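Going by my numbering, the first residue of the sequence shown is number 103, and it counts up by one from there.
Yeah, the Cβ is synthetic: ideal placement off N, Cα and C, and Gly gets one too.
All of these numbers come straight from a predicted model, not from anything done at the bench.
Notes follow the structure.
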Amino acid sequence: MRRSTGFFILFLITFISVICFSGQADAQTGGLKYTVTVTKFENKAGWHGQWDIGDGWGLVMTDILNQTGRFIVLGETDMREASMYEQDLASSGRTAQGSVAPVTGQMTPAQILVKGAITNVTNNTSGGFGGVAIGPVTLGAGGSKSEVNVTMYMVESTTGQILASKSVVGKSNSSGGAIGYSGDGWAAGAGSFKKDNVGKAIESAVQQGTDWMISQLPNIPWTGAVVMTRDGKVYINRGMREGVEPGNIFSVGNSEIIRDPGTGEVLEEITSEVGRIEVITSKEKLSICNVISGNKDLIAQGMKVTLP
């Protein structure tokens, strides 16, 4: 009875802390979304099984990132390369031409690249791992133990600089059960390699890594750009897809990039505010705004849009 009570208390603490943490990160970034793509994680552990561990990581992380609602998740690197191949093939004239033929210059760029390496895999025994999802918290139990160690990085796509790094350890341990955050729709189902102990450990590590990524968002500048101005309104290239809603207020200004004269490296980007805008209409990929401060005649196409 005492053990059951202790486990229930641990469950409540985990549930409350996860909900509070998610709410704090969402408030700091205003619920705005970032475009992200996951590259294949290198298998430095040398582990081999019935499935590729790097592919497994990418599959789970892409799915969970998408279900958080905090990111615009682009296809993994191999998917984007396949898309570019089809575009190049269509451009060569060797395929039938029509309105549905893939064209170049329309792929969504990623703001954040997620990459890393699986450094260690321990799989002591064989057996399944089951679980039940209660809200955003997963309670699990099983008869085997596995551990996956992963080092992951968030990379700024424009400069290639590492924004942050983190080492996570995912475990699938039958002793005492396991608790994992699973967010909206992250049901820890029993399908595919997720039945495998190493697969469950990967899922645990991905959940930790995703929580860490969300915690880093307040430190990553969210930006957009002015597409056009018309009849006193300002159109920006961010919309519902990026989490922009009517009532959001943004700063608009000229952006100046300072580079190292020797290496060309970006040292700093300075934005001089010329005005502030408020969203009145949000469409899928763009928003229409009113100018609420500053001189609207100075706002022009190409100006940078940031959080105030």
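Own chain, CB closer than 6 Å to residue i, minus 5 neighbours either side, in chain order
i      : result
Asn397 : none
Asp399 : none
Gln310 : Val270
Asn145 : Ile155, Gly156, Ile220
Local Cβ density within 10 Å of residue i, reported as buried at 16 or more and exposed below that
i      : result
Thr210 : exposed
Gly355 : buried
Ser119 : Unreliable placement is indicated for Ser119, whose pLDDT of 45 sits below 50; the coordinate value is still reported in the next sentence. Label assigned to Ser119: exposed.
Lys385 : exposed
Gly278 : With a pLDDT of only 42 at Gly278, under the threshold of 50, the placement of this residue in the model should not be trusted; the figure read from the coordinates follows. The residue is exposed, with fewer than 16 neighbouring Cβ atoms inside 10 Å.
Ala307 : buried
Gln403 : exposed
Glu358 : exposed
Met405 : buried
Gly334 : exposed
Asn226 : exposed
Where the alpha helix (DSSP H) through residue i begins and ends
i      : result
Lys302 : 299-318
Asn168 : 155-170
Identity of the residue in the options nearest residue i by Cα
i      : options                        : result
Gly366 : Asn275, Asn356, Thr261, Arg343 : Thr261
Ile351 : Ile214, Asp362, Ile394         : Ile394
Val328 : Tyr337, Leu134, Arg172, Lys135 : Tyr337
Ser246 : Ser269, Ala303, Met254         : Ala303
Trp314 : Ile360, Gly301, Ile166         : Ile166
Val407 : Asn168, His150, Val346, Thr224 : Val346
Gln318 : Asn299, Gly301, Gly272, Ser267 : Ser267
Glu375 : Asp362, Ser353, Val368, Gly177 : Ser353
Cys391 : His150, Gly341, Asp298, Glu258 : Gly341
Gln152 : Asn339, Lys273, Asn299         : Asn299
Residue i CB to nearest heavy atom of the ligand GTP below 7 Å
i      : result
Gly177 : With respect to the ligand GTP, the structure offers nothing, as it holds no ligand at all.
The beta strand (DSSP E) enclosing residue i, as first and last residue numbers
i      : result
Met254 : 247-258
Gly272 : 264-275
Val140 : 136-140
Glu371 : 368-384
Glu344 : Taken as a continuous stretch (DSSP letters only), Glu344 belongs to no beta strand (DSSP E), as it is neither H nor E.
Asn392 : 389-396
Met330 : 325-332
Leu215 : 214-225
Thr210 : Note, Thr210: premise wrong, no beta strand (DSSP E); not H, not E.
C-beta atoms of residue i and residue j nearer than 8 Å
i      : j      : result
Asn251 : Asn275 : no
Ile214 : Met256 : yes
Ile174 : Leu265 : no
Val138 : Val216 : yes
Val324 : Leu409 : One point to set straight first is that residue 324 is Trp, not Val, in the sequence displayed. Closer than 8 Å, so yes.
Ile401 : Gly377 : yes
Thr312 : Thr170 : yes
Glu370 : Ile360 : yes
Gly158 : Val140 : no
Glu305 : Lys135 : no
Residues of its chain near residue i, where Cβ-Cβ distance is below 7 Å and the 5 sequence neighbours each way are ignored
i      : result
Pro348 : Val381, Ile382, Thr383, Ser384
Ala147 : Ile220, Thr221, Asn222, Val223
Closer than 8 Å to chain C by CB, residue i
i      : result
Ile372 : You won't find chain C in this structure, because it holds only one protein chain.
Close-in-space but distant-in-sequence residues of the same chain around residue i (CB under 8 Å, 5 per side omitted)
i      : result
Ser228 : At Ser228, the pLDDT of 46 sits below 50, so the modelled position is not reliable and the matter cannot be decided from this model.
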